[in-house]
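S.K.: With this note's numbering, the residue at position 596 of the sequence shown is 597, and numbering never jumps. Backbone N, C-alpha and C define an ideal beta-carbon position, used for all residues, glycine too.
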Amino acid sequence: DKTYLDYVNRITAEAVVDKETGDDLGIPENTVLTEDLLLNISGSGIRTVSLFKSNPTDGERIIFNTIMADDDYEVEQLPVDEPPVKKRGKNVSIIPETEGESARTYIEKLFFNPKKYDLSDVGRYKINKRLNLNIDSNVSILTLEDLKAIICSIRDLVDGKIEVDDIDHLGNRRVRTVCEQLSQQFSLGLMRMTRTIREKMSIHDEENLTPVRLISARPITSALSSFFGTSQLSQYMDQTNPLAEMTHKRRISALGPGGLSRERAGFEVRDVHYTHYGRLCPIETPEGPNIGLISSLCIHSRINELGFIESPYRKVNKGVVSDTIEYLSADREDDFVIAQANEPLDINGRFINKRVKARSKGDFPMVTPEEVDFMDVATNQIVSAAASLIPFLEHDDANRALMGSNMQRQAVPLLRPEAPVVGTGFEEIVARDSRSMVVAEADGIVEYVSSDKIVVRYNIKEDSEEALLSFDDKRVVEYQLVKFLRTNQDTSINQRPIVKEGQKVKKGDVLADGSSTENGELALGRNVLVAFLPWRGYNYEDAIVISERVVQKDIFTSVHIEEFSLDVRDTKRGEEELTKEIPNVSEEATKDLDENGIVRIGAEVKEGDILIGKVTPKGESEPTPEEKLLRAIFGDKAGDVKDASLRATPGLKGIVVNRKLFSRKTRDTDTKKDEKKKIDKYEADRKKELKELNLKFAEKLGILFEGKKSNGVRDLRGNVIIKSGVVFKRDTFANLLETPNFEFKNLSYEDEKSNWSDNKKANSMVLDIYKNYAYKYNEIEERYKRLKVKVTLGDELPTGVVKLAKVYVAKRRKLSVGDKMAGRHGNKGVVARIVPIEDMPFMPDGTPIDIVLNPLGVPSRMNLGQLYETALGWVGKKSGVKFATPIFDGASVEEIQEALTKAGLPSNSRSILYDGMTGKRFDQPVTVGYIYIMKLSHLVDDKIHARSIGPYSLITQQPLGGKAQFGGQRFGEMECWALQGYGASHILQEMLTIKSDEVQGRAKAYESIIKGDNIQEPGIPEAFNVLMKELQGLCLDITIE
């Protein structure tokens, strides 16, 4: 119905050509049609013309305008200076062929060359997913199809047809595992190695070249060692307790190489995203500058091969929940509707409610059961291991839950740990997976138990698959327990047996508890009787009042092990020496030292005691060889050496539990004899172990093939070792060992000739048994190789160090005033007073309270979980039972009240209390019960510090800072203002002079104090002299008149 005038101002998509005759009307593509041109077309009889859309979108218009504005480039062999010519109504730049070729090559190298460009599996996966392409995952370069889809996608984005990607969506963020980072370093090392090989090949003659000269493994080893030694993500493991260790291993950081920096990370990156559900814990993250950048993996999540975090869900089909588990990544999850884990189901797995609470992307709609695609696997799916240990987490404010989960990692292992009465049911799983306990490998019976060893005889038949495959004796297993081993954080790992001789055990049963476990459950603290009550102002501002009973019964006593080390160096003045003979030191002070000057195990040490005796030469000049000889003969050392011993630090009191001495190899004749003896012994032991291993392997093969007919056993060269038709006996393979030069590793195990019998199962097991044999064989060889190298070269010590001595001192720390304590709900505090038992508040039956907390710490913090725990803990202690209340699916108020009533306790968990000091009753009933409290690693004994005189800084002559340097406290400008405000001019002057850096004045003041004289007027502080020298260094003549 349209006339040709309706097409004015439309643009041609192709040149206007008469398709029948082929006549070109001279109207090229991209021409705006005017009325005259349309009349011309109409008069020529052409019926069909290709035009662009009349209403292009913004995106299409941008692309069209870009094409119109862009020049065409045609590559022709023309002179370089020839100007562009008009062609088809557009600028066509004609460029030389050489330039065109290099431009094309550059683009191809940049994007289309597999050697130079690699999208990786992840890149291809994301491009295919984002652009709805179906290109094979092996294509790791960009294709023209990709570029076309990218342009179309940008067009659709401008037109508002698709949404912008969310950078914080976990479908767009992936985890770079240690394996991936390590492989990156390895390839970096290989590239460096390749470069050095090429350089060497270009320098050296072909005749002199050997692989040894060419190839050096140093670039690879240095790349790997620098990764482990200096990388921001290579950290000293947190071993305070088993939970801390496990959490550190499951930590995920947005910082580090290739990641963000604290300063540039905004709020959006740190915030909780809806895709974190079931993947990254929304609770466990540090407080401070790293908040939100360091997270923990959720307990059920896993990382797939592409590095995306997946969470498990139960499949739902037409309203019926199945037991099929499917792991979904964040971008796949966006396509489904997911129901909550505690949604009620009937016995057939159907939803009971007609409307179901669900999640769809970031929304939480109510849907019909038929609309649900998946269901959460557990209520604790959204949190990490630490947060899943907090009972009644759903009643705590998120900020306090964060503190609670972080502080559990700081709990020190106690001497007598106790599992919580009120838990979440997850304590056993965390304890088992932390691998801090000894667990039975099969059913069996305990044969022997001591404090450091357990022997178990397992019910395993010698011809069972398990026994045949293992080269460690699986029938009688001896477990050596770890006793008071020092951790990185100076806490101790101590395993305690919990089985008796003759006791039957089943597979998975706990044989020995580790640090912070009790009967196989995680035990970070103790259950104590608590009252929420203000007590004489001593629990003001979160302070804690503790009963003396807690200290007397060692309820919160812990053992800490500190390491002290001292190195011996070869100095210019001569070699230092570890010795008991220390000049100007009494025999009493060195009575516990051995001939190497190291304190004996079991010795009790206190502040100032010598731990490692060392003397260092103090001679002005280096002694001549003759002098050295005479001194060695007559032992005249006192005159030319000074005491450089390591002494116990201030405040130390403990018992030496271990000591170690490392030394480089020396060149003495006696040493060479000892060395040869040791090497001969190691060689004999190696041969003995390998012989036993070969006999064990022969025995296993004999058990496997006994009574079966041979199909022929050959070696790798094809020689027949056991003829076909021979019936295998139990000792057939053992007899082969008597053949000269026979070795099991020369037998053929893998090719088709290794079908040693007609029994397929036995044939298939041979290779598995051999692999385990080869692994054990190599392990023995490597172990003895290392021992021999150690004897030949000595211990590996830093440059310049000849010997290194270490002493380990165990300290028993009782609870004291100033120690930090906390519950699991972020309810932390500092012990303010330890009160005699008779002065503590007591219950109507006379039971004294163990710990008094301030009730004002609850309402404003909104961590009501501690009150629920207190009430249920009272029921548990009274009834002798333990409770597991899973998070988001725990006990309700009604259920707790019912349990309290059944146990004969007040339904509101409140009791009348009496004051221990006066005997009077408190006005109101007080909330009483049992709460789980932990002692944290911020102990007052590590922080308390005092100094009178001590070391000074060399330049400023002011005291050093910090406890480690035995330094003083800084008296800063604000403290000076305080003294100025009170007009305390003399004290202020003392602070700035004799107590700081007035060198002569402080010496005289010390002398005056000792003699009982008055302190003289102070002089000029050293800091002023430093300032003067700096100004003189700027050529300013400053003098004091």
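Helix, strand or coil for R558 per DSSP?
M.R.: Per the sequence shown, the amino acid found at residue 558 is Thr instead of Arg. In this structure, T558 counts as coil in the three-state DSSP scheme.
S.K.: Which residue comes first and which comes last in the alpha helix (DSSP H) that contains G982?
M.R.: Looking at the DSSP string, the run of the alpha helix (DSSP H) that includes G982 is 974-983.
S.K.: I'd like to confirm the pairing. Which residues does DSSP put opposite E564 in its beta bridges?
M.R.: Beta-bridge pairing links E564 to Y809.
S.K.: Considering Cα atoms alone, identify which of S302, L794, D846, N864 is closest to H826.
M.R.: Ranking the options by Cα distance to H826, first place goes to N864.
S.K.: If we ignore side chains and look at the alpha-carbon of each, how far apart do D377 and Y328 end up?
M.R.: So the two alpha carbons sit approximately 11 Å from each other.
S.K.: How far does the beta strand (DSSP E) with V477 in it reach, from first residue to last?
M.R.: Residues 477-481.
S.K.: Please specify which runs of the alpha helix (DSSP H), each continuous and at least 4 residues long, are wholly inside the segment 512-586, giving them in chain order.
M.R.: 549-553, all fully within the segment 512-586.
S.K.: Does the Cβ of Q78 have 16 or more other Cβ atoms within 10 Å, making it buried, or fewer, making it exposed?
M.R.: Interpretation of Q78 is limited by its pLDDT of 45, a score under 50 that renders its predicted location unreliable; no figure is taken from the coordinates.
S.K.: Please classify E753 as buried or exposed, where buried requires at least 16 neighbouring CB atoms within 10 angstroms.
M.R.: Unreliable positioning characterises E753 in this predicted model, as indicated by a pLDDT of 44, which lies under 50. A coordinate reading is not provided.
S.K.: For N407, count neighbouring Cβ atoms within 10 angstroms of its own Cβ and tell me buried if that reaches 16, exposed if not.
M.R.: With 16 or more Cβ atoms within 10 Å of its Cβ, N407 is classed as buried.
S.K.: In chain order, which beta strand (DSSP E) runs of at least 3 residues are fully inside the segment 818-865?
M.R.: You should have 821-823, 829-836, 852-854.
S.K.: To the nearest angstrom, report how far apart H205 and A965 are at their CA atoms.
M.R.: If you take the alpha carbons of H205 and A965, they lie about 55 Å apart.
S.K.: Would you kindly report the start and end of the unbroken alpha helix (DSSP H) that includes D943?
M.R.: Taken as a continuous stretch (DSSP letters only), the alpha helix (DSSP H) holding D943 covers 941-944.
S.K.: Assuming M194 is part of the alpha helix (DSSP H), what are its boundary residues?
M.R.: That run of the alpha helix (DSSP H) goes 179-204.
S.K.: Just the Cα atoms here: how many angstroms apart are I656 and L244?
M.R.: For I656 and L244, the distance between alpha carbons rounds to 28 Å.
S.K.: Quick one: give me the first and last residue of the alpha helix (DSSP H) that P243 is part of.
M.R.: Residues 243-250.
S.K.: Output needed for I913: all residues of its chain with C-beta closer than 7 Å, excluding positions within five of it in sequence on either side, in chain order.
M.R.: Here the set comprises P845, R922, P926.
S.K.: For V929, which residues of its own chain have a beta-carbon under 6 Å away from its beta-carbon, when the five flanking residues on both sides are left out?
M.R.: Result list for V929: A532, S912, in chain order.
S.K.: Pull up the distance between the alpha-carbon of A833 and that of L961, whole angstroms please.
M.R.: Looking at the two C-alpha atoms, the distance is approximately 30 Å.
S.K.: Just verifying my parser: in three-state terms, what is the DSSP assignment at I339?
M.R.: I339: strand per DSSP, three-state reduction.
S.K.: In terms of alpha-carbon separation, which member of Y8, V9, C153, D25 lies closest to A16?
M.R.: Measuring from the Cα of A16, the nearest candidate turns out to be D25.
S.K.: Given that a residue counts as buried once 16 or more other Cβ atoms are within 10 Å of its Cβ, and exposed if not, what is A14?
M.R.: Answer is exposed; the Cβ neighbour count stays below 16.
S.K.: Please name the residue, chosen from V714, P741, I988, K709, that lies closest to F729 on a Cα-to-Cα basis.
M.R.: Comparing Cα-Cα distances from F729 to each of V714, P741, I988, K709, the minimum goes to K709.
S.K.: Am I right that F485 and V413 are in contact with their C-beta atoms under 8 Å? What's the rounded C-beta distance?
M.R.: No, F485 and V413 are not in contact; Cβ-Cβ is about 14 Å, not under 8 Å.
S.K.: Is the Cβ-Cβ distance between L390 and K936 less than 8 Å?
M.R.: Not a contact, by the Cβ cut-off of 8 Å.
S.K.: Return no unless some Cβ of chain C is closer than 8 Å to the Cβ of S664.
M.R.: Although the question refers to chain C, the structure presented lacks it and comprises just one protein chain.
S.K.: Identify whether Y8 lies in helix, strand or coil by the three-state DSSP scheme.
M.R.: Looking at Y8 - three-state DSSP - the assignment turns out to be helix.
S.K.: Using DSSP with H/G/I as helix, E/B as strand and the rest coil, what is I304?
M.R.: Note: I304 maps to strand in three-state DSSP.
S.K.: Report yes if the CB atom of G1002 is closer than 8 Å to the CB atom of G1020, and no otherwise.
M.R.: Yes. Within cutoff.
S.K.: Going by beta carbon distance, what residues of the same chain come within less than 8 Å of T248, once the five residues before and after it are set aside?
M.R.: Closer than 8 Å at Cβ, skipping near neighbours: D239, E285, S297, S385, A386, A387, R410.
S.K.: Please give me, in chain order, every unbroken run of the alpha helix (DSSP H) with length at least 4 that falls completely inside the segment 975-1042.
M.R.: Within the segment 975-1042, the complete alpha helix (DSSP H) runs of at least 4 residues are 986-993, 1000-1012, 1023-1034.
S.K.: Can D543 and K829 be called in contact, C-beta distance under 8 Å?
M.R.: Taking 8 Å as the Cβ cut-off, D543 and K829 qualify as a contacting pair.
S.K.: Round the Cβ separation of N489 and Y237 to the nearest angstrom and send it over; I've been treating them as touching at under 8 Å.
M.R.: Indeed they touch by this definition, with Cβ atoms about 6 Å apart.
S.K.: With a threshold of 8 Å, are at least 3 pairs of Cβ atoms found where one atom belongs to the segment 437-447 and the other to the segment 861-878?
M.R.: Flag = no, the segment 437-447 and the segment 861-878 do not touch.
S.K.: Tell me whether D998 is buried or exposed, calling it buried when 16 or more other Cβ atoms sit within 10 Å of its Cβ.
M.R.: With 16 or more other Cβ atoms within 10 Å, it is buried.
S.K.: In whole angstroms, what is the alpha-carbon distance linking E596 and V616?
M.R.: Distance between the alpha carbons of E596 and V616: 13 Å.
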